[in-house]
Amino acid sequence: VARLCVCDLLVAECDANCCCDPDCTEADFSLFTTCSVPIVTGDSRLCSQKAAVYSLDVDANPAERIFELIDQVNPSVFCIHSTNYKQLLSFSSPEMPTPENFDQLLKQFGRAAFSAEPEPDSWNSNTDVQNPSDANETYRYEHGAPVQTEDAFLRLPRPVVSSWCSDANPAGFLVNQATKCTRSVSMEKCGSIQAVSMLFYINSSILAKLYEFVFQVNITVQAVVVQSQDGMRTLLNDSDALRLPMILDDLCINIVLGVSYHITYTDAGEIIEAAASFVLGAINKEALSIQQSFEISFTQVNTQPVPLSGNPGYIVGLPIRAGFLPQGYPFPAEMSLQHNTNKHGQLTILQSTSSQDCLAAQGARAPVLFGYNMISGCTLRITAATKCQPLTQTLLDLLKGQNFPEYVASFGNSQAQDVLDWVPIIHLHTSEQVKSSCQIPVSLEIEVKWTKYGSLVNPQARILNVTATIATTTLQQLPSGRERTFPVTSSVVFTDISSPAEPGYKAWPTINAKLPFDFFFPFV
Amino acid sequence: SSQLSSVPLQMLFYINGIYYIFYFLASLALIIYKSQVFSYPDDFLAPDLASLLIMAGFEVLRLYLGSKGNLTEEQAPLGLSLVTTLGSVVFSVYFLVWQTHVLKADVILNTVLLCAYGLEAVLKVTAIAAFVS
Chain A
4 VARLCVCDLL VAECDANCCC DPDCTEADFS LFTTCSVPIV TGDSRLCSQK
54 AAVYSLDVDA NPAERIFELI DQVNPSVFCI HSTNYKQLLS FSSPEMPTPE
104 NFDQLLKQFG RAAFSAEPEP DSWNSNTDVQ NPSDANETYR YEHGAPVQTE
154 DAFLRLPRPV VSSWCSDANP AGFLVNQATK CTRSVSMEKC GSIQAVSMLF
204 YINSSILAKL YEFVFQVNIT VQAVVVQSQD GMRTLLNDSD ALRLPMILDD
254 LCINIVLGVS YHITYTDAGE IIEAAASFVL GAINKEALSI QQSFEISFTQ
304 VNTQPVPLSG NPGYIVGLPI RAGFLPQGYP FPAEMSLQHN TNKHGQLTIL
354 QSTSSQDCLA AQGARAPVLF GYNMISGCTL RITAATKCQP LTQTLLDLLK
404 GQNFPEYVAS FGNSQAQDVL DWVPIIHLHT SEQVKSSCQI PVSLEIEVKW
454 TKYGSLVNPQ ARILNVTATI ATTTLQQLPS GRERTFPVTS SVVFTDISSP
504 AEPGYKAWPT INAKLPFDFF FPFV
Chain B
1417 SSQLSSVPLQ MLFYINGIYY IFYFLASLAL IIYKSQVFSY PDDFLAPDLA
1467 SLLIMAGFEV LRLYLGSKGN LTEEQAPLGL SLVTTLGSVV FSVYFLVWQT
1517 HVLKADVILN TVLLCAYGLE AVLKVTAIAA FVS
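Chains as they are written, first to last, in the numbering used here: chain A, 4 to 527; chain B, 1417 to 1549.
Right, dumping it as structure tokens:
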């Protein structure tokens, strides 16, 4: 006990007010005011034990530390005189692995979790891959299992350590991935680099079920897009022909720049369809490397995948789901929200571009992501010749976009059938007082009010209210020949209107004691 | 007729009987206390309880044989009682030293019991010597 010191935290330095610190000198002790650790003892339930007592003698000048090693006696009759059970008083140190006991220790502790009783059987059951005796059991793909092909795995090249592509990465079942990596190419080896030819990616067929070579699914080519040297992409009409790299006009064409796999699976864990879309490009003599991008996505058969923005609460950074109600709403039979899965029905705001001219950047919109306050804008130049009404319409189109939705999902996983889960967008107009002259909209502010919903430990974000405010200003008539520029802004603000959480307490239990009805039998 | 039975021995048997009842109940209570307050796994608790019960059996046998031998002035039961005392001593030492948790109360109880055994053994030997001669 004399060597134990709980407050000695700094190595080779004196801790303040730590009387047991061996790094402290006499001068340091004289500066202390009190001892933070007055006594160090072992377990106080022992009948007799050593105790190290530290105290400061403040009367002496300078203050001194007094250290005593005393025998502390527990006067109780129930004090522990001795014990033959070693774990009672101290933690037992674990066994050191040696070549003899390594296997037994691995069996007992080699899993992610273990209990006091070792289970020697469960360690081997999951990793038993080759098991031909299990003929009746069908193996199905589970989440994360590598998608097998007839010779190896479905490859999804990705960068490892550096940005160069490594082909040894298998695609995991139900793991949607998108990767980009660099591949070294050269004009001379145009036809011979396997990894830039379409054949490499659709060559082997995928096994429908794990370890069963009977059912195989061929990878079909779904679409081929050709990318030209300046970046323009065109979709080819016939996607059946296999295009292999070849040299044409000083360029090596049909080089694979991107592959996108779409795998369709059933809920029994079987793969029934596989399709690949390619982006082909061309390289010239000077090119030494190209960047390839790979993507894989899994869709369940007979479903339309709708990307959720949270389950159930919105996750920060995911787009807000919005949609429209079809005509004839009040009739419950037709009630459903047309949910647009493409980008055009989403809640979007104007996206600022490098050229700040509003009219030049038509159509560039950014999706509104939950939790991210955004502001964007552009400048509009008007001349004397601009008319009020077309300008108003142009600005409204610019601010709101083509399909400004009417309803926003209150939860990240709201279904289109539950109309009550969707919040209408409220439109407000603020304008200056003068009503007669032309009012043009100059800013759109979308305010999304959200609240925390659900339990205290795992609150979910829920959108309660969405308000789109359009502010207008007067367009003053310009004298001819002059022109004016003014800014047009749009912004999105997320406000947390959750009320502070109040803990709820359970009611006191009531004693429900009633006498049986015939308790006073002879008298009642 | 001189009486060969040893009166102190008989008194000691009587006191021992009463004390042993107290010792048994106290030891049982202590084991229950220990199992609540300390960590007392089952494979340590079982030998301690079994020893206490066997010791109770030994004690009954021992006191009966000794008392009978002393009163009827026969050395055979008395000798048997002496041998059984040895067994009881071993058990008492077990409870004093090799028990799982030894509290101060355990030490006191067993020390008194061992002193009683020692005194009884001496008196038994003198009684046997008196009966033989």
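No residue lacks a Cβ here, since even glycine has one placed at the ideal position from N, Cα and C.
Problem set entry | 8 Å Cβ cutoff, residue 91 (chain A) in contact with chain B | Residue 91 (chain A) has a beta carbon lying within less than 8 Å of a beta carbon in chain B.
For this session: Kindly list the residues whose CB is nearer than 8 Å to the CB of residue 159 (chain A), restricted to its own chain and excluding five residues on each side of it in sequence; keep chain order.
Result: So the list reads 172, 173, 174, 180, 182, 264, 297, 299, once near-sequence residues are dropped.
Problem set entry | Local Cβ density within 10 Å of residue 1429 (chain B), reported as buried at 16 or more and exposed below that | Buried is the call here.
Exercise. Beta carbon of residue 43 (chain A): closer than 7 Å to some heavy atom of the ligand HEM?
Worked result: Among the components modelled here there is no ligand, and therefore nothing to report on the ligand HEM.
For this session: Please classify residue 1531 (chain B): does DSSP put it in a helix, a strand, or coil?
Result: The answer is helix: DSSP assigns residue 1531 (chain B) an H, G or I state.
Problem set entry | For residue 1433 (chain B) and residue 1507 (chain B), the rounded distance between their alpha carbons | Residue 1507 (chain B) and residue 1433 (chain B) have their C-alpha atoms some 17 Å from each other.
Exercise. Can you check whether the CB of residue 59 (chain A) is closer than 8 Å to the CB of residue 22 (chain A)?
Worked result: Their beta carbons are under 8 Å apart, which means residue 22 (chain A) touches residue 59 (chain A) by this criterion.
For this session: Starting from the C-beta of residue 185 (chain A), find all residues in its chain whose C-beta is less than 6 Å away, skip the five residues before and the five after it, and write them out in chain order.
Result: Spatial neighbours of residue 185 (chain A) in its own chain (CB-CB distance under 6 Å, excluding positions within 5 residues in sequence) are listed in chain order as 166, 167, 292, 294.
For this session: Tell me where the beta strand (DSSP E) around residue 429 (chain A) begins and ends.
Result: Counted as a single uninterrupted DSSP element, the beta strand (DSSP E) harbouring residue 429 (chain A) occupies residues 425-433.
Exercise. Can we say the stretch 1513-1527 of chain B touches the stretch 76-85 of chain A, given the rule of at least three CB pairs closer than 8 Å?
Worked result: Cβ pair count under 8 Å is three or more, so yes.
Problem set entry | Sufficient close CB pairs (3 or more, under 8 Å) joining the stretch 458-467 of chain A to the stretch 312-319 of chain A | Touching, per the Cβ criterion.
For this session: Could you run through the stretch 1495-1518 of chain B and flag, in chain order, every residue whose CB is less than 8 Å away from some CB of chain A?
Result: So the list reads 1513, 1514, 1515, 1516, 1517, 1518, given in the order they occur along the chain.
For this session: Return helix, strand or coil for residue 41 (chain A), following the three-state DSSP convention.
Result: It is coil, neither helix nor strand.
Problem set entry | Neighbourhood of residue 386 (chain A) by C-beta distance below 6 Å, restricted to the same chain and skipping five residues each side | 486, listed in sequence order.
Exercise. Does residue 121 (chain A) have its Cβ less than 8 Å from a Cβ in chain B?
Worked result: Any reading at residue 121 (chain A) must be qualified, since the residue scores a pLDDT of 46, below 50, and its modelled position is unreliable; the value itself is stated next. With 8 Å as the cut-off, residue 121 (chain A) does not count as an interface residue toward chain B.
For this session: Output the distance between the C-alpha atoms of residue 1489 (chain B) and residue 1420 (chain B), rounded to the nearest integer angstrom.
Result: The alpha-carbon of residue 1489 (chain B) is positioned some 7 Å away from that of residue 1420 (chain B).
Problem set entry | chain B contact for residue 523 (chain A) (CB, 8 Å cutoff) | At least 8 Å separates the CB of residue 523 (chain A) from every CB of chain B.
Exercise. Where does residue 388 (chain A) land, buried or exposed, given buried means 16+ other C-beta within 10 angstroms?
Worked result: Using a 10 angstroms sphere on the CB of residue 388 (chain A), the tally of other CB atoms stays under 16, which defines it as exposed.
Exercise. Using a Cβ-Cβ distance under 8 Å, would residue 94 (chain A) count as near chain B?
Worked result: No, its Cβ sits nowhere closer than 8 Å to a Cβ of chain B.
Problem set entry | Test: residue 1521 (chain B) CB closer than 8 Å to a CB of chain A | Taking Cβ atoms only, chain A reaches closer than 8 Å to residue 1521 (chain B), which makes this a yes.
Problem set entry | Strand pairing of residue 448 (chain A), partner residues [DSSP] | DSSP lists A:472, A:494 as partners of residue 448 (chain A).
Problem set entry | Per-residue contacts from residue 85 (chain A) into chain B (C-beta, under 8 Å) | Near residue 85 (chain A) (Cβ distances below 8 Å), the residues of chain B are 1513, 1518.
Problem set entry | Per-residue contacts from residue 80 (chain A) into chain B (C-beta, under 8 Å) | Result: 1519, 1520, 1521, 1524.
Problem set entry | Cross-strand partners of residue 152 (chain A) (DSSP beta bridge) | DSSP lists A:209 as partners of residue 152 (chain A).
For this session: Pick helix, strand or coil for residue 201 (chain A), following the three-state DSSP scheme.
Result: In this structure, DSSP gives residue 201 (chain A) a helical state, which the three-state scheme calls helix.
For this session: Please name the residue or residues paired with residue 410 (chain A) in a DSSP beta bridge.
Result: Under DSSP, residue 410 (chain A) shares a beta bridge with A:326, A:427.
For this session: Answer yes if the stretch 443-456 of chain A comes into contact with the stretch 468-484 of chain A, meaning at least three C-beta pairs across the two stretches below 8 Å, and no otherwise.
Result: Touching, yes, given that three or more Cβ pairs across the two stretches are closer than 8 Å.
Exercise. Helix or strand or just coil, what does DSSP make of residue 511 (chain A)?
Worked result: Note: residue 511 (chain A) maps to coil in three-state DSSP.
Problem set entry | Cut-off 7 Å between Cβ atoms - residues of its own chain near residue 104 (chain A), not counting five sequence neighbours on either side | Excluding positions up to five away in sequence, the list reads 98.
Exercise. Is it buried or exposed for residue 1424 (chain B), if we count other Cβ within 10 angstroms and need 16 for buried?
Worked result: Exposed.
Exercise. Terminal residues of the continuous alpha helix (DSSP H) containing residue 1427 (chain B)?
Worked result: Its alpha helix (DSSP H) spans residues 1423-1453.
For this session: Please decide whether residue 1451 (chain B) counts as near chain A, where near means a Cβ-Cβ distance under 8 Å.
Result: So, not an interface residue.
Problem set entry | Beta-carbon contacts of residue 1493 (chain B) that lie in its chain and below 6 Å, excluding the five residues immediately before and after | Correct list, in chain order: 1481, 1484, 1485.
Problem set entry | Distance between residue 114 (chain A) and residue 277 (chain A) (C-alpha atoms, nearest Å) | Taking the straight line from one Cα to the other gives about 36 Å.
For this session: May I ask which residues mark the beginning and end of the alpha helix (DSSP H) holding residue 1497 (chain B)?
Result: Residues 1491-1509.
Exercise. Do residue 413 (chain A) and residue 353 (chain A) have their C-beta atoms closer together than 8 Å?
Worked result: The answer is no: Cβ separation not under 8 Å.
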